Amino acid sequence: MRKLFLIFGLIFSTVFTVSSQEISVNAIGIRFGDNSGLGGEISYQALMGYSSRLEIDLGLRSKSGEDSLKATGIFQWVWSLGNRFNWYAGFGGGIGNFRVNGTAKIFFFGTGDIGIEYNFEAPILISLDYRPEYGFNNVYKGLNSDIALSVRYQF
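Residue numbers are given in numbering that gives the first Met the number 0: position 35 of the sequence shown equals residue 34, and the series is strictly consecutive.
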């Protein structure tokens, strides 16, 4: 009988102490950062598994004869910190285009990402992340990094 109470006690305490991650199926918003001179990005996240997601970001800039576009894709793993906080890390890459005076220059880069996020009770997600990027050609070369604050609507 003691063993039965012990087993039920363990099951009961396990069920009520497990904290599940709250990752939305979809989230869209803006990532406010330098983005290597491109400024803010439109950001979309899609759930890929129980604790992973895909983030796709698009940065655009047009000023005085110079047009730029940068698309980034990052696969992220998400871990719960408790109390609606998560932290995440991932890797990915992207492609971009600088057009100066009618001459287009395409570039490629690899990237990583690490950050922390807070999931409000309303369908709002706010996050702060660090993203190092490494460019592979003369237009966007070497190590570049970006720190950004993101605000996304979850659905």
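Quick reminder that beta carbons are idealized off the backbone N, C-alpha and C, glycines included.
Quick caveat: nothing in here was measured; it's all calculated off a predicted structure.
I94 is not a Cβ neighbour of F74, given a cutoff of 9 Å.
Taking every protein chain shown into account, the CB of T110 has 16 or more other CB atoms within 10 angstroms, so this residue is buried.
The C-beta separation of D145 from D33 comes to about 5 Å, placing the pair in contact by the 8 Å criterion. In the structure shown, I94 adopts extended strand secondary structure according to DSSP, grouped into three states. Contact check for L68 against N100 fails: the beta carbons are separated by 9 Å or more.
Between P131 and L142, the C-beta gap is smaller than 9 Å, which places the two residues in contact. Burial is judged here by how many other beta carbons sit within 10 angstroms of a residue's own beta carbon; E120 has fewer than 16 and is exposed.
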